[in-house]
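Some notes on the structure that comes next.
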Amino acid sequence: MPPFDKEFFGEFVKEGRLDLAPHNLFDLVDRLDGLAPGFADIAQPRVHFAVDGVLETDWSRDLETAKEVIVLPRVGGG
1 MPPFDKEFFG EFVKEGRLDL APHNLFDLVD RLDGLAPGFA DIAQPRVHFA VDGVLETDWS
61 RDLETAKEVI VLPRVGGG
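Right, dumping it as structure tokens:
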């Protein structure tokens, strides 16, 4: 989860992973914010999520069958 692993979750991450079993990406953000208050505030402007290797823009997507969700930094440019 670079760079968020050290910034927000360094003490919680084991082997680069967190097992949270969220229902959807909104729920994931809430659970991550519970571990590291302030994460929810930066999630929308700074975070992309990849679900099973595909960038996901629908934060209401059901994650029940997802094997992996990766938190990625948003990249901007011009």
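At position 29 of the sequence shown the residue is numbered 29 (the working numbering), and the sequence of numbers has no breaks. All C-beta atoms in this analysis are idealised placements derived from N, C-alpha and C, irrespective of residue type, glycine included. Everything numeric in this text was worked out from a predicted model, so none of it was measured.
Worksheet item: From the DSSP output, which residues share a beta bridge with residue 49?
Response: Residue 49 pairs with 56 and 71.
Worksheet entry | Endpoints, alpha helix (DSSP H) assigned at residue 32 | Following the DSSP letters along the chain, one finds residue 32 inside the alpha helix (DSSP H) bounded by residues 25–35.
Practice prompt. Under 8 Å Cβ to Cβ from residue 61, same chain only, skipping five residues before and after it: list those, please.
Written response: 24, 25 and 51
Worksheet item: Sorted by chain position, which residues of the same chain lie with C-beta nearer than 8 Å to residue 20's C-beta, five sequence neighbours on each side aside?
Response: Only 28, 31 and 32 meet the Cβ criterion.
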